[in-house]
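Everything below concerns the one structure shown next.
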Amino acid sequence: MYDQGMTIELRDLLPAADPVAGVAFFMGWLRRVDMLALTPEEQLALAGQIEAAKGTMAAAQARAVAEFDAAQRVEHVQRGGRPETAGRSVGSQVGLALRTSPSRGDAFGRMAVVLTDQMPHTMRALEEGRIGEYAASVMVSATSGLPSELREEIDERLAGPDSTDGLVEPGQIALETMTPRQIAGACRRLAAELDAAAVVARNARAAAGRGVCVRPAPDGQAYLTVQGPMVEVVGAYAALTRDTDRVCSGADEAESADGRGRGAVMADLALRRLSGRAVDEPQPLTINLVMTDRSLTGLGDGRRSVDEPVRVAGHGHLPAGQVRALLADPAVDARVRRLFTTPSGRDLVAMESRARHFPKGLRTMIRLRDDVCATPWCDAPVRHDDHVTAHSAGGSTGFHTGSGLCARCNLVKEDPGWSVSVTGRGSADRVTVTRAPTGTLQRSQAPPVMGAGWRSPDPPREEIEEWFGPEHMAVIEARAQWESEPA
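Using UniProt numbering, the letters of the sequence shown map in sequence onto residues 1 to 487.
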């Protein structure tokens, strides 16, 4: 079924003059493969060959992006942009094309250029499907900061011709048989062997990139990550371990384990120290929880659930019951702020301002609406509340005309060749359209205020009027009628 004759026939069918159409043809052919008609051996062989094809496709992606990078840097300057901002614009365009964040677009662009210009043997292994994209990215990242000649030497030693098909020197292993961790370790060892001073300089530069980030974890948890110099991080962990052992052994007079496991004690101790709290002192900081009145009170009827998930603005969702228990805790300082939505409950009601800068209340509404950066596939936190159309170009300050963006995307939209606009008149049909310098259009829409997957409960009018009151109801209905009228 997989003989050479079939390969030649498929190749002859591909529209070689149009590579994009050729890839689309191949994707369509794969979708039509009847997996039930294959034997178990053929099914597994096909799965393995497709895995190898992922490497070949990643290599083709890298070659395309490397050529695009070189051409766009020149065009960026020709359009009036500064050379130092060209990479930012290119990375954002790559992110849009790959349907990923601008930072990942940057990373893929860097990998593409390095593989093409400095690591030909790794690129060949990727093209032949002997390694995957992740292994290639490890080769690139583990050698970052090294002079190009050292990178080429490491590429030759680990992925050179002698390593093809496992034909390597006695005691060595082929690149395609190594795990990503082994690849990273081999790169670091060779770097230290070839130029120890370069490794020291790289470590010094890396310290400037230290930072802290938070991201959601399953089951209502979250990860807090601290990246810093190894000596300091390991030292902090050792101190945390020491004090955790004191609590678990009962030697700490101020705190006891109270049935908690060692990991739980360590996590509680770390979070308490980071926020500067004493034992049993509640968390004083404020977080925004977006929830329905039913989820807040636990009172409802047959039409609307009391267990609609609660959105933690910018981070994810929690079960309503868990949040009610949290708010009922006397140690928690909870304050309720009423937010008015459209009759369907999908979107917040708009708020306008005549000021150039966004008032605090309007900024809060925009951030609750957009949740994360409004640029397609950018998952970064909102840092800038700005006009979709620049105020200097006639843009108004309002809920519909404002947008929540990360710092990078807010700068990119001002680069030459970029433009952002909004279509639709109301919240439900409001779509942000981003136009890249190549003319590519990408559209994004804010999720429902209660989160993606939400459905309107469609409550009766009298129930809505009882909750909102007649004055607010009149405003909401007037706006809903205006939004439904043709533009």
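Built from N, CA and C at the ideal position, the CB exists for glycine as well.
Because the structure is a prediction, the values reported are computed rather than measured.
- DSSP places residue 216 within a strand segment (E or B) once states are collapsed to three.
- If you draw a straight line from the Cα of residue 419 to the Cα of residue 44, it is about 47 Å long.
- If you look at residue 371, you'll find it isn't in any alpha helix (DSSP H); DSSP assigns it neither H nor E.
- A Cβ-Cβ contact shorter than 8 Å links residue 313 with residue 368.
- Distance from the Cα of residue 218 is smallest, within the candidate group 154, 266, 319 and 131, for 319.
- In terms of CA proximity to residue 124, 155 leads the group 151, 147, 155 and 323.
- Of the candidates 422, 278, 127 and 317, the residue whose Cα lies closest to the Cα of residue 59 is 127.
- One Cα belongs to residue 235, the other to residue 50, and the distance between them is close to 45 Å.
- The continuous stretches of beta strand (DSSP E) do not include residue 144, and DSSP gives it neither H nor E.
- Under the three-state reduction of DSSP, residue 118 is assigned to coil, being neither helix nor strand.
- Shown here, residue 63 sits in a helix according to DSSP, grouped into three states.
- Residue 403 carries a strand assignment under DSSP once its states are collapsed to helix, strand and coil.
- Taken through DSSP and simplified to helix, strand or coil, residue 421 comes out as strand.
- Beyond the five residues adjoining it in sequence on each side, residue 363 comes within less than 6 Å, by CB distance, of 385 in the same chain, given in chain order.
- A distance below 8 Å separates the beta carbons of residue 415 and residue 85.
- The shortest C-alpha to C-alpha distance from residue 92 to any of 316, 449 and 441 is the one to 441.
- For residue 315, the secondary structure class from DSSP, reduced to helix, strand or coil, is coil.
- With at least 16 other beta carbons inside 10 angstroms of its own, residue 151 counts as buried.
- Here DSSP, grouped into helix, strand and coil, assigns residue 224 to strand.
- Look at residue 38 here: in three-state DSSP terms it is coil, with no helix or strand label.
- Leaving aside the five residues that flank residue 106 on each side, the residues in its chain whose CB is nearer than 6 Å to its CB run, in chain order, 91.
- Residue state for residue 435 is assigned as strand, using DSSP reduced to three classes.
- Using a Cβ distance threshold of 8 Å, residue 417 and residue 373 do not count as a contacting pair.
- DSSP, reduced to helix, strand and coil, places residue 211 within a strand of the structure shown.
- Bounds of the beta strand (DSSP E) holding residue 443 are 441-444.
- The alpha-carbon of residue 233 is positioned some 25 Å away from that of residue 315.
- Where residue 385 is concerned, the enclosing beta strand (DSSP E) starts and stops at 384-387.
- The Cβ atoms of residue 446 and residue 406 do not sit closer than 8 Å to each other.
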